[in-house]
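Just so you know, the sequences run in chain order A and B.
Number 590 marks the last residue of the first sequence (the numbering used here); no jumps.
Number 179 marks the last residue of the second sequence (the numbering used here); no jumps.
Ideal Cβ positions, reconstructed from N, Cα and C, are used throughout, including at glycine.
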Amino acid sequence: MIHETGRFLWDERLLTRAENRFRTKALMPKATRKDRSSLAEFLPLGEGHYRDLKRRQIFRLLITYLVPLLVLIIYFTFQYSQLASEGRRTHLTEVAENQANTLNLFLSERLANLRNLINNPVFPEHLTSEILDYYLEDLTRVSAAFVDLGFFDESGVQAFYSGPFHALVNREYGNEAWFKKLIGQEEDFVITDIYLGFRQEPHFTIAVKKPIEGKYSILRATLAPQKIYDYMRSPEEATEVSVSIVNRDGYYQLVTPHIGTLLDTSSIVPPLEPRYGAQEVRLGGAALDYGYSWLRLADWALIVQRVDQPGMGLLWGVNRSFLVLSSSLIILFAVAIYFRAGKLVELEMKADRTKAQLEHASKLASVGELAAGIAHEINNPLAIINEEAGLMKDLMSSEFGEPSPPEELVTHLDVIEHAVFRCRDITHKLLGFVRKSHVELRPHNVAELVDGVIDGLLGREFAVSDIEIVRRYDPRLPDVPTDANQLEQVLLNIFNNAVDALEGRPGRIEITVSRRGKSVAIAITDNGKGMTQEQLGKMFLPFYTTKDVGRGTGLGLSVSHGIVEDLGGEIEVESQLNQGSTFTIVLPIL
Amino acid sequence: MSEGIRVLIVDDEVDFLNSIAKRLELRDFDVTKASRGVEAIEAARTGGFDLALLDLKMPGIDGEEVLEILKQEHKYLEVIILTGHGSIDSAVECTKLGAFGYLSKPYELDRLLEVLKEAYEARLTKKYADDQERLSQIMAATEELSAESILKKFRQHMVEHPTPLSVLKALRRLDDDEK
């Protein structure tokens with residue numbers, strides 16, 4: 001087919017693959033084996049190009065849509081967890097304070113119980129074991145936490161005791177830490193940590209002292225911590241939070257069994273200052289928030305922590321639904337982008353095909369124009385042949401006098417021959433114009449090709465003329481994939497025009513071969529007669545010529561233009577009347 | 001048969017110009033050659049041609065322009081177009097501009113000769129019709145006058161417009177009137 005170009009024929013396999021792809025994609029459902037060549041024609045770029053394009057499109061769209069989305073998701077997650085943890089801490093602090101208040105109240109009530117008791121005038125002279133029993137009974141009625149009650153003199157001997165551990169009567173407590181502290185301090189009471197003591201049972205004591213006649217009397221009650229726990233813990237809160245108490249040294253004073261063991265070291269030791277608040281502690285790699293509040297009356301801190309696992313719970317639940325939502329959004333976007341990119345590439349492909357079809361159509365049009373031009377152009381030499389032949393007939397017939405001598409006939413035969421050659425020139429140029437399916441691209445050094453034309457094909461002509469040839473070649477020219485024969489034809493046409501533009505006068509033709517971005521530019525400049533605006537506009541039209549009859553067919557530039565286009569390049573022309581013209585052939589390297 | 005018919009041939013193809021001129025000369029045409037439009041226009045001003053053969057595609061002033069100018073300047077000159085680039089459009093255009101014939105190259109000489117003959121006859125007919133018109137005007141103007149003054153006027157007219165045909169016509173008319 002005359003309109004097939006080299007680019008289309010580059011890689012038949014590629015085109016076949018591309019075509020198969022289209023068929024499966026039902027883009028061209030009517031394609032049959034017979035249509036192969038027409039399909040190939042209309043797809044100047046292979047499948048790989050569109051696959052790349054699609055990949056790039058997807059990447060670009062992902063960047064554009066997903067990155068902002070991800071940033072937003074991360075930002076909101078961060079903000080939300082900040083807020084949530086703030087709220088959770090506030091909540092824990094509140095619970096801790098509440099519980100601490102309750103405990104404070106409990107302790108101060110128990111303290112008040114003992115203070116009231118010691119102010120009883122029965123102390124110390126009239127005290128008897130029975131009276132103490134009676135008092136203990138009274139106290140246990142007020143609070144079940146009371147276990148026993150003891151009265152001490154200043155030396156630390158438990159003079160009277162009421163309670164289950166009778167062995168404790170008359171026991172010496174003078175060296176016990178709580179006793180020394182109570183005697184030594186100004187405050188009139190002491191609340192001990194929970195300890196096992198002589199009786200080997202967890203308990204804590206509240207002791208009050210009262211100076212009577214210069215001597216301290218001391219009343220001490222022992223309380224069971226379990227009772228405190230029952231007292232403090234409301235059922236509702238127990239499901240959400242667990243409450244424990246540690247002393248200043250970090251031992252559990254009171255603890256839910258699943259968190260720790262009584263009197264063991266607690267993993268959580270709240271700071272002394274501030275007196276209450278919320279903290280984060282890392283336990284086994286996980287972050288855990290807890291609320292705490294130091295008690296007023298004892299060196300105990302109340303610690304509240306969530307019952308559920310660290311990192312789980314309310315926040316985790318909300319986070320999870322948020323994550324599900326955002327990841328489905330991302331997937332949705334990704335899928336949409338995938339299809340969108342496919343659609344875009346499909347459109348691009350359609351556009352490319354339309355463009356290729358247009359090119360094809362315009363090529364056909366120019367071929368039609370050309371054929372019409374040829375037909376007309378050949379008419380002129382044909383008319384000459386016709387006339388000359390007729391004239392010779394006339395000359396040889398007797399109708400117009402004596403037949404002419406053979407010598408005269410020879411001159412007419414020469415004219416006929418000349419006209420025949422003109423016809424041949426026209427048909428050859430026509431073949432040159434349409435013979436485009438044989439483009440064969442191989443890497444060539446353009447400068448060498450130019451030299452070949454100047455020194456080889458035109459060498460003799462330049463040698464005898466007054467034309468100065470100036471060559472300026474970039475020494476680091478890359479090879480250009482091109483068809484040497486075709487490019488030589490173009491160069492020859494342009495050189496011939498340059499020579500003609502000099503009109504036989506001495507002149508200069510300058511050839512510059514240089515790199516221009518991803519192309520190589522061959523600029524041919526003459527200082528001849530130049531062109532008018534009208535000539536510039538028409539010079540690539542077939543059969544447009546400014547030369548005398550028989551000297552030019554008007555096809556040279558038209559053919560050159562077609563060839564260079566097929567080589568993937570273009571011809572640029574600059575011209576100034578009476579100054580000269582520059583023709584620049586730009587050929588892509590890739 | 002075509003003796004003395006004066007033909008101007010205009011074509012930028014010199015080979016063609018020479019051979020057609022030669023062939024027409026052999027057939028007793030009185031031929032003048034011009035290879036450019038300007039040349040043709042100038043030649044027509046001095047030559048007094050009966051017919052012109054005109055090429056369309058020429059450097060400089062093209063055929064259509066030449067045709068327009070020739071028809072403007074020479075009322076009875078008949079122009080025949082000879083072109084290698086014949087088309088319906090250009091034929092219509094040339095006819096509008098007053099071309100008598102339109103032949104595409106290459107053509108048969110007999111056909112050209114035929115057209116030339118027709119063109120020459122057309123030229124004569126047109127000229128004859130115009131002359132007659134003018135004569136009848138004169139006759140109308142002189143109807144009222146005496147024979148003597150008619151004769152006088154006639155002589156005067158003859159002096160001013162000396163064409164053989166009109167003389168004959170006028171004489172015959174006078175003859176008829178006398179009867």
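Next on the checklist: Between N497 (chain A) and chain B, is any beta-carbon pair separated by less than 8 Å?
Outcome noted: Taking the first residue of the first sequence as 1, we reach residue 497 (chain A) at position 497. No - not a single Cβ of chain B is within 8 Å of the one on N497 (chain A).
Checklist entry - Around the C-beta of Y135 (chain A), are 16 or more other C-beta atoms found within 10 angstroms, so that it is buried, or is it exposed? => result For the purposes of this step, residue 135 (chain A) is identified with residue 135 of the first sequence, where counting begins at 1. Classification of Y135 (chain A): buried, given that the 10 Å Cβ count is 16 or more.
Checklist entry - The beta strand (DSSP E) with H444 (chain A) in it runs from where to where? => result For the purposes of this step, residue 444 (chain A) is taken as the residue at position 444 of the first sequence. Here the beta strand (DSSP E) through H444 (chain A) covers 442 to 444.
Item to check | Beta-bridge partners of T83 (chain B), as assigned by DSSP | outcome: Within the second sequence, numbered from 1, the residue matching residue 83 (chain B) stands at position 83. According to DSSP, which records beta bridges pairwise, T83 (chain B) is partnered with B:S104.
Checklist entry - Could one say the Cβ of D394 (chain A) lies closer than 8 Å to chain B's Cβ atoms, at least one of them? => result Looking up residue 394 (chain A) in the first sequence gives position 394. With 8 Å as the cut-off, D394 (chain A) counts as an interface residue toward chain B.
Next on the checklist: Residues in the same chain with beta-carbon distance under 6 Å from K215 (chain A), minus the five sequence neighbours each way, listed in chain order, please.
Outcome noted: For this step, residue 215 (chain A) is matched to residue 215 along the first sequence. Cβ neighbours of K215 (chain A) beyond the five flanking positions: E154.
Checklist entry - Going straight from the alpha carbon of E108 (chain B) to that of V115 (chain B), what length do you get? => result The sequence position of residue 108 (chain B) within the second sequence is 108, counting from 1. The sequence position of residue 115 (chain B) within the second sequence is 115, counting from 1. Rounded to the nearest angstrom, the two C-alpha atoms are 11 Å apart.
Item to check | Distance, A287 (chain A) Cα to L69 (chain A) Cα | outcome: Residue mapping note: residue 69 (chain A) aligns to position 69 of the first sequence, counting from 1. Residue mapping note: residue 287 (chain A) aligns to position 287 of the first sequence, counting from 1. Their backbone Cα atoms lie some 28 Å apart in a straight line.
Checklist entry - Taking just the CA atoms, how far does P124 (chain A) sit from R89 (chain A)? => result Position 89 of the first sequence holds residue 89 (chain A). Position 124 of the first sequence holds residue 124 (chain A). So the two alpha carbons sit approximately 50 Å from each other.
Checklist entry - Between the beta-carbon of Q576 (chain A) and the beta-carbon of G530 (chain A), is there less than 8 Å? => result By 1-based counting over the first sequence, the position of residue 576 (chain A) is 576. By 1-based counting over the first sequence, the position of residue 530 (chain A) is 530. Closer than 8 Å, so yes.
Next on the checklist: My assumption, with CB atoms under 8 Å, is that A144 (chain A) sits in contact with K227 (chain A). Please give the rounded CB distance.
Outcome noted: Taking the first residue of the first sequence as position 1, residue 144 (chain A) is located at position 144. Taking the first residue of the first sequence as position 1, residue 227 (chain A) is located at position 227. Between K227 (chain A) and A144 (chain A) the Cβ distance is about 5 Å, and since that is below 8 Å, they are a contact.
Item to check | 7 Å Cβ shell around V345 (chain A) - same chain, five flanking residues per side excluded | outcome: Looking up residue 345 (chain A) in the first sequence gives position 345. These residues qualify, in order along the chain: Y50, L53, K54, Q57.
Item to check | Cut-off 7 Å between Cβ atoms - residues of its own chain near T93 (chain A), not counting five sequence neighbours on either side | outcome: Your numbering for residue 93 (chain A) matches position 93 in the first sequence. The residues are Y276, G277, A278, G291.
Item to check | Sheet register partners of A52 (chain B) (DSSP bridge) | outcome: Taking the first residue of the second sequence as 1, we reach residue 52 (chain B) at position 52. According to DSSP, A52 (chain B) bridges with B:L8, B:V79.
Item to check | Near-chain A residues of the segment 12 to 28 of chain B (beta-carbon distance less than 7 Å), N- to C-terminal order | outcome: D12, E13, D15, F16, S19, I20, K22, R23, L26
Item to check | Where F400 (chain A) meets chain B, residues with beta-carbon distance less than 9 Å | outcome: Stepping through the first sequence from its first residue, residue 400 (chain A) is reached at position 400. Those within 9 Å of F400 (chain A) in chain B are L26, R27.
Item to check | Span separating the alpha-carbon of I356 (chain A) from that of V480 (chain A) | outcome: Residue 356 (chain A) sits at position 356 when you count from the first residue of the first sequence. Residue 480 (chain A) sits at position 480 when you count from the first residue of the first sequence. First, the residue type needs correcting, since residue 356 (chain A) is Ala and not Ile in the sequence shown. Rounded to the nearest angstrom, the two C-alpha atoms are 24 Å apart.
Item to check | Bounding residues of the beta strand (DSSP E) (the contiguous stretch that carries Q591 (chain A)) | outcome: Coverage of chain A is limited to positions 1 through 590, which leaves residue 591 (chain A) absent and any answer about it impossible.
Checklist entry - By Cβ distance, which residues of its chain are closer than 8 Å to T32 (chain B), with the 5 residues on each side in sequence left out? => result Translated into positions along the second sequence, residue 32 (chain B) becomes position 32. If we look at T32 (chain B) and ignore the five residues flanking it on each side, its Cβ neighbours are R6, V7, L8, I9, A43, G47, F49.
Checklist entry - Does DSSP classify V415 (chain A) as helix, strand or coil? => result Here the question's residue 415 (chain A) lines up with position 415 in the first sequence. Three-state result, V415 (chain A): helix.
Checklist entry - Are D474 (chain A) and V513 (chain A) close, meaning C-beta to C-beta below 8 Å? => result The residue labelled residue 474 (chain A) in the question sits at position 474 within the first sequence. The residue labelled residue 513 (chain A) in the question sits at position 513 within the first sequence. Yes; because the gap between Cβ atoms is below 8 Å, this pair is in contact.
Item to check | Counterpart residues of A287 (chain A) in DSSP-defined beta bridges | outcome: If you number the first sequence from 1, residue 287 (chain A) lands on position 287. The partner list for A287 (chain A) (beta bridge, DSSP) reads A:R282.
Next on the checklist: Quick check: what's the CA-CA separation for V208 (chain A) versus V147 (chain A)?
Outcome noted: In the first sequence, residue 208 (chain A) corresponds to position 208, counting from 1. In the first sequence, residue 147 (chain A) corresponds to position 147, counting from 1. Spanning the two alpha carbons is a distance of roughly 16 Å.
Checklist entry - So does A371 (chain A) have its beta carbon nearer than 7 Å to some heavy atom of the ligand SAM? => result The ligand SAM is not part of this structure, which contains no ligands at all.
Next on the checklist: Helix, strand or coil, according to DSSP, for Y80 (chain A) in the structure here?
Outcome noted: Within the first sequence, residue 80 (chain A) is the residue found at index 80, counting from 1. Residue state, collapsed to three classes: helix.
Item to check | Residues near F495 (chain A) by beta carbon distance below 8 Å, same chain, minus five either side | outcome: Along the first sequence, read from residue 1 onward, the residue named residue 495 (chain A) stands at position 495. For F495 (chain A), where only same-chain residues beyond five positions count, the Cβ hits under 8 Å are V453, I454, L458, I509, I524.
Checklist entry - Can you name the residues of chain A whose CB is closer than 8 Å to the CB of S104 (chain B)? => result Within the second sequence, numbered from 1, the residue matching residue 104 (chain B) stands at position 104. Within 8 Å Cβ-Cβ: N379.
Item to check | According to DSSP, residues forming a beta bridge with P270 (chain A) | outcome: For this step, residue 270 (chain A) is matched to residue 270 along the first sequence. None, per the DSSP bridge assignment.
Item to check | Any C-beta of chain B under 8 Å from that of E408 (chain A) | outcome: On the first sequence, position 408 is the one that residue 408 (chain A) refers to. Not closer than 8 Å to any Cβ of chain B, the Cβ of E408 (chain A) fails to qualify, so no.
Item to check | Within-8 Å CB hit, L8 (chain B) to chain A | outcome: Residue numbering aside, residue 8 (chain B) sits at position 8 when the second sequence is read from its first letter. Not an interface residue.
Checklist entry - If we call anything under 8 Å between Cβ atoms a contact, is G569 (chain A) one with N493 (chain A)? => result Taking the first sequence and counting its residues from 1, the one referred to as residue 569 (chain A) is at position 569. Taking the first sequence and counting its residues from 1, the one referred to as residue 493 (chain A) is at position 493. Cβ atoms of G569 (chain A) and N493 (chain A): not closer than 8 Å.
Next on the checklist: According to DSSP, D473 (chain A) sits in a beta bridge with which residue or residues?
Outcome noted: Walking along the first sequence from the start, residue 473 (chain A) turns up at place 473. Checking the sequence, you will find Tyr at residue 473 (chain A) rather than Asp. DSSP, once it has assigned bridges, lists A:V513 as partnering Y473 (chain A).
Item to check | Cutoff 6 Å; reference V304 (chain A); Cβ partners in own chain excluding five residues on either side | outcome: As a working note, residue 304 (chain A) is residue 304 in the first sequence. Hits under 6 Å: L92, V95, A96, V241, V243, G291.
Item to check | Chain-ordered neighbours of A383 (chain A) on chain B, where CB pairs are closer than 7 Å | outcome: Locating residue 383 (chain A) in the first sequence gives position 383, counting from the first residue. In chain order: F16, G84, K105, P106.
Item to check | Neighbour-count burial assignment, K152 (chain B), 16 or more Cβ in a 10 Å radius | outcome: Here residue 152 (chain B) refers to the residue found at position 152 of the second sequence. Counting Cβ neighbours within 10 Å, K152 (chain B) comes out exposed, since fewer than 16 surround it.
Checklist entry - Contact between the segment 379 to 387 of chain A and the segment 99 to 107 of chain B: three or more CB pairs below 8 Å? => result yes
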